[in-house]
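All remarks here apply to the structure that follows.
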Amino acid sequence: MKLSTNFLKDYVDVPVDAVTLGEDMTNIGNEYDYAGPLLEVSGLTIGKVLECEMHPDSDHLHVCKVDLGNEVVQIVCGAPNVRAGIKVIVSKVGAKLPGIEIKKSKIRGVESNGMICSIKELGLEHKFLKPEDIEGIAELGDDAVVGEDPLEYLGLKDEVVDFELTANRGDLLSILGMAYEVGALYGNKVKDVDLSFTEGKEDFAKNFNLNIETENCSLFYAKKVENVTIKESPTWMKNRLIASGIRPINNVVDISNYVMLELGQPLHFYDADRLGDTLTVRMAKKDEHLKTLDEQDRVLTEDDIVIADKEKAIGLAGVMGGFSTEVEEDSKNIVIESAIFNPVKIRLTSKKILRSEASNRFEKGLDYNRSLMAIKRSCNLLEKYADAKIVGGMAVYDKVSKEDKIISVTFTKIKEVLGIEISKDEILDIFNRLGFDVKFDGETYIVNVPSRRIDISIKEDLIHDIGRLYGMDNIKGKKMILDVIPGHYDKLKRAVRNKMVELGLNETLSYALIPDGEVQKYSVDEFETVKILDPMTEERNALRYSLIPSLKMVYDYNKARNQKDICIFEIGKAFYKKQGKYGEDLHLAALMTGNYKSDLYRDNVDFYVIKGVMENLLDYLGYVNYKLEVKNIPEELHPGQSASIVVDGTIVGFIGKIHPNVTKDNIFVMEINLDKLFSKDHEEMKYKEISKFPNVVKDVAFIVDKSVKSEDIENVIKSAGGKRLRSIEVFDVYTGENVAENEKSIAYTLTFNDYEKTLSDEEVTNAFNKIIKEVTNKCNAVLRDK
Amino acid sequence: MTEKIDNLIEELKKKFEDIKTLQELNDLKVSYQGKKGIITELNSGIKDVPNDEKKEYGAEVNRLRTFFNDNFSSTQKRLEDERVREKLEKETIDISLPSKRIKTGSKHPFNRIIEEVEDLFVSMGYDVIDGPELEDDEHCFRLLNYTVGHPARDAQDTFYIDEEYLLRTQTSAAQSRVMEENKEKTPIRVICPGKTYRRDDDATHSHQFGQVEGLVIDKNISLADLKGTLEIFAKKLLGEDTNVRFRPSYFPFTSPSCEVDVSCFKCGGKGCSLCKKTGWIELLGAGMVHPNVLRMGGYDPDKFTGFAFGTGLDRLAMFKYAIPDIRYMYTNDIRFLKQFDRKDDEYEIKY
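Sequence order for the protein chains is A and B. Under this note's numbering, residues 1 to 786 are what the first sequence spells out, in order. Under this note's numbering, residues 1001 to 1351 are what the second sequence spells out, in order.
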């Protein structure tokens, strides 16, 4: 809301400048973006061109002698319309215009002491400029006084405050509403609006059919005026519209806008002769067409409210008028509409079609008292500035409840909610400044809230108003006394994050929205992709399930910057729709490639590195019963270097290398559904007995077929070794010289121990030999000689 | 005899000095103390010495033996020292070469801030809750007093999945969840940090961003309590000298409502480019829980009051770590990520 302070001062005294007003209003809840002069210029004066001669070295420049009142200066001017005898706007040496500072200069050898300005150069927004404002210098009237301020003369000496209002304060989208707010702020009275006019004796309503066929219209006034003269508006009115950001058109259109700015009630003026004698408010028919004011053909739906004549829609209620009944240069008779429509419907229609000054006001809610005031004020102004003859009577449809809004609030409640020490009288004073009728019995304030304050509906809203005028910043912070109850947070999620960081991975934060084509990748789960109805781009049109596509994008980004050692992880939500229901699970994903340890001693990531990360994590979380199984591997993974992660018989995720068809790079990934994992039992950290007797360590190596899995050999060793075999560790895997091509050698370190006694050589040798025998038999292995 | 021994000692002294290796030392020992060694021979020669000279002779040979033994052990020590010195010299390395340290990982600044906020509020007895990101309109809006078509919905351009489901635009959605789930309708003290989404993407906005919501419901809660709590929050995260300013504002789910500014931690309130010369930075939205919200959550607004607040996590992280552009938070350049591998500095507030 762009507030012209000149306009505001019609209705309330403003004791401060625009910047202070902006600051003070901010402190009571109305933030502003800009406060200051309408035109940010300085050093301007009215001058009279005394002499004007051609520049000796140019075919279009003129050398002028300009009288500034207290001096005559020479100015070189390039405008085509400069000539002796006219009064002009001069920016003197040292003047500041938007983007320029005027300096003494020589133009093609001729001294120039200032600049003669066009309207455009004053910094007026482009939409307000007429061709002559751009093409040449401004020619002021004979009544302009040389040496005086041209902005004053043009009526453009105004200060504006551009407010960013909150959604509840529809009442402040009017000068009058602002006047009440400013009045409350400074304790000043709001002045009356001139609503006087004379009207004829006839009854317009008698011969006019107003049909309201939808409950989305609660109030409709239609009044006719005749014989208007369409012409330019008076300068002050045009300037106020300009200061408020609205382009002046002609007096009649301008008055409708002026009244909307002043009172907050949007109006629509129809050409009465084109409208006829019937006006209907109804919902649009499906696919009904309407040509709006801007000559666009709009296709409507049953959710749009329209104004119609006997046959067809002639206006889009609350949003934009229709082309067919528009007021034009030759219009003579006018029907004024002032109405209230369902704000929700207006909002939906305007969101779809056009956001206008009118729709913005309709959707925030209107005050029924202003609807009638707006009709009267329009008549007042049309009579004065468009020579209108006001027809007596008015067509009225009114279903608005006019009950007083009485809200009670106690002194105690106010103090309790705000947590302040305030006196009963201070509160009374605030209500009075706000212009609220209030009765007070020593404890309870009974407040009759004026109809303009549509934002106030409960006592808490009244407390908010007390708070904001008391000064919310005057509230002193209190240290709360709370019951001593320990707080909790999700320690598991943090444990996972901490462990992954400890294992040397960098945590990423990527977008949950990815291209829908990526969503089903890196998963064998059955689910429906969750898509966004109205995405910003196709790159972000669906919610991810696997986090791997995101991590892969992070990898690609870094690779493109020559950063190839990437070990990253992310914890985030996986979204899905299963059996018609939406859901989300917490996932952990990791991607590892390139060098894992330090820079000089390269140790490139392979399957066993990421497997180690997984084991470290699962061990840390206390899972004991987990294993890898070669099944249910997503097709984006290498079938020979990937597996499912199985905890207590349930697949909780996968691990492996990205398929060479997807990327030629050696990238290893892992993903675990943490919600699934956390639902599994884990072992608590408890002391386990340590043997008092020394370990006996034996090494053994077997040659087996390459297809034999170490896990199988270990299982045989475990069952053959008996309870004294405490651990089995692979310390070498060898292929190459001295081992046949289709074979490999695997070497194990076996550790034996008994908790009761020191093991004898014989006992260990017996167990050891049994292991060798079993492995040789069951795994088709050969003992490898040392 | 004395002269002879003097000469032998003189000769031996030179020999010890010339010895370079343990082998030479051992050879010397053999030639003096071996079966046919000089000292051995002198020793056995005593039988040919007349009796009255035997005592002197013995004493002289002993002098030679003592000299030999003393020098033998000192030379042995000298040689061993030399050998160790040589070994150490050989083993000397270039200590300036890179270490073999294991690369450490790092936590994303977004999550670092979440953890810090969590720790602070947990220490004040708040529970941390996690609401769904794929929310429904009811919890994200309607139960928070945003009626259908409410103009305040405009500020939160929403990603809809269908008519009812959406990506939460605010962690405030967790308010309605926690009230609903608390069947006993006992007092509530929670925060909900997490991801939020809005159809908005430019230099200062990311369509995905983070918020933390706080909610306290109890008896006799006031705006002053809210301010006191947010003062602790601001001082703990941004520094002890941080001040908090309340400005009235509007949110559908609170009344009274306010915006909360903190004094600019960069310039200390004097005015700088960060605070746009105002000395203040807008940090949170807050207010007293709206009676309609309490009622919809099953709480009697005549018995309970409460406050709620919400703030952007990305901005907090950006402030704390001086990150100049929100996009860096989501680009995941490894050079960016690796910077966040240190302990955090924390502000201590004293009372």
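Idealized CB from N, CA, C, for every residue including glycine.
Of all residues in the stretch 1223-1253 of chain B, the ones placed with a Cβ closer than 9 Å to any Cβ belonging to chain A are 1223, 1224, 1225, 1226, 1227, 1228, 1229, 1230, 1231, 1232, 1244, 1245, 1246, 1247, 1248, 1249, 1250, 1251, 1252, in chain order.
For residue 101/A, the closest of 114/A, 109/A, 107/A, 110/A by C-alpha to C-alpha distance is 114/A. Per the coordinates, the alpha-carbon of residue 547/A lies some 22 Å from the alpha-carbon of residue 595/A.
Excluding five sequence positions before and after residue 78/A, the CB atoms of its chain that fall closer than 7 Å to its own CB belong to 60, 61, given in chain order. In its chain, beyond the 5 residues on either side, 767 have a beta carbon closer than 7 Å to the beta carbon of residue 722/A. In the three-state scheme derived from DSSP, where H, G and I count as helix and E and B as strand, residue 624/A is classed as coil.
Residue 29/A is a Cβ neighbour of residue 468/A, given a cutoff of 8 Å.
The beta carbons of residue 158/A and residue 243/A sit closer together than 8 Å. DSSP lists 306/A as the beta-bridge partner residues of residue 282/A.
Interface flag for residue 26/A against chain B is set, since a Cβ pair is found closer than 8 Å.
Along the stretch 1299-1310 of chain B, going in chain order, the ones with a CB nearer than 8 Å to a CB of chain A are 1305.
Out of 274/A, 470/A, 578/A, 716/A, the CA that lies nearest to the CA of residue 422/A is found in 470/A.
Between residue 381/A and residue 511/A, the C-beta gap is not smaller than 8 Å, which leaves the two residues out of contact. The stretch 1138-1155 of chain B makes no contact with the stretch 1105-1124 of chain B: fewer than 3 CB pairs, one atom from each, lie closer than 8 Å. The contact set of residue 1257/B on chain A, defined by CB atoms closer than 7 Å, consists of 464 in chain order. DSSP places residue 650/A within a strand segment (E or B) once states are collapsed to three. Taking a cut-off of 8 Å on C-beta distances, the stretch 382-402 of chain A touches the stretch 213-220 of chain A, as three or more cross pairs fall below it.
Straight across, the Cα-Cα distance linking residue 1327/B with residue 253/A is about 46 Å. Going by beta carbons, residue 574/A and residue 540/A fall outside the 8 Å limit. When C-beta atoms of the stretch 727-744 of chain A are compared with those of the stretch 1018-1029 of chain B, fewer than three pairs fall below 8 Å, so the two segments do not count as touching. Contact note: residue 1127/B reaches chain A through 487, 488, using a C-beta cutoff of 7 Å and chain order.
A Cβ-Cβ contact shorter than 8 Å links residue 577/A with residue 530/A. Judged by their CB atoms, residue 1193/B and residue 1260/B are not nearer to each other than the 8 Å cut-off. Against residue 1334/B, the close residues of chain A are 506, 558, 563, 566, in the order they occur along the chain (beta-carbon pairs closer than 7 Å). In the DSSP annotation of this structure, the continuous segment of the beta strand (DSSP E) that includes residue 1287/B starts and ends at 1280-1289.
Taking a beta-carbon distance threshold of 8 Å, residue 53/A does not count as an interface residue toward chain B. Using a Cβ distance threshold of 8 Å, residue 1187/B and residue 1223/B do not count as a contacting pair.
It is roughly 11 Å from the alpha-carbon of residue 2/A to the alpha-carbon of residue 357/A. The straight-line gap separating the alpha-carbon atoms of residue 262/A and residue 582/A is approximately 50 Å. Close CB contacts of residue 1016/B within its chain, under the 6 Å cut and outside five residues either way in sequence, are with 1071, 1075 (chain order). Counting along the chain, the unbroken beta strand (DSSP E) around residue 226/A starts and ends at 217-226. For residue 166/A, the chain B residues whose Cβ falls inside 7 Å of its Cβ are 1249, 1250, in order along the chain.
Ranked by how close their Cα comes to the Cα of residue 484/A, the residues 1341/B, 1059/B, 1125/B have 1125/B in first place. Secondary-structure assignment with DSSP links residue 320/A through a beta bridge to 316/A. Assignment of residue 1208/B by DSSP, reduced to helix, strand and coil, places it in the strand class. Within a 10 Å sphere around the beta-carbon of residue 1132/B sit 16 or more other beta-carbons, which makes this residue buried.
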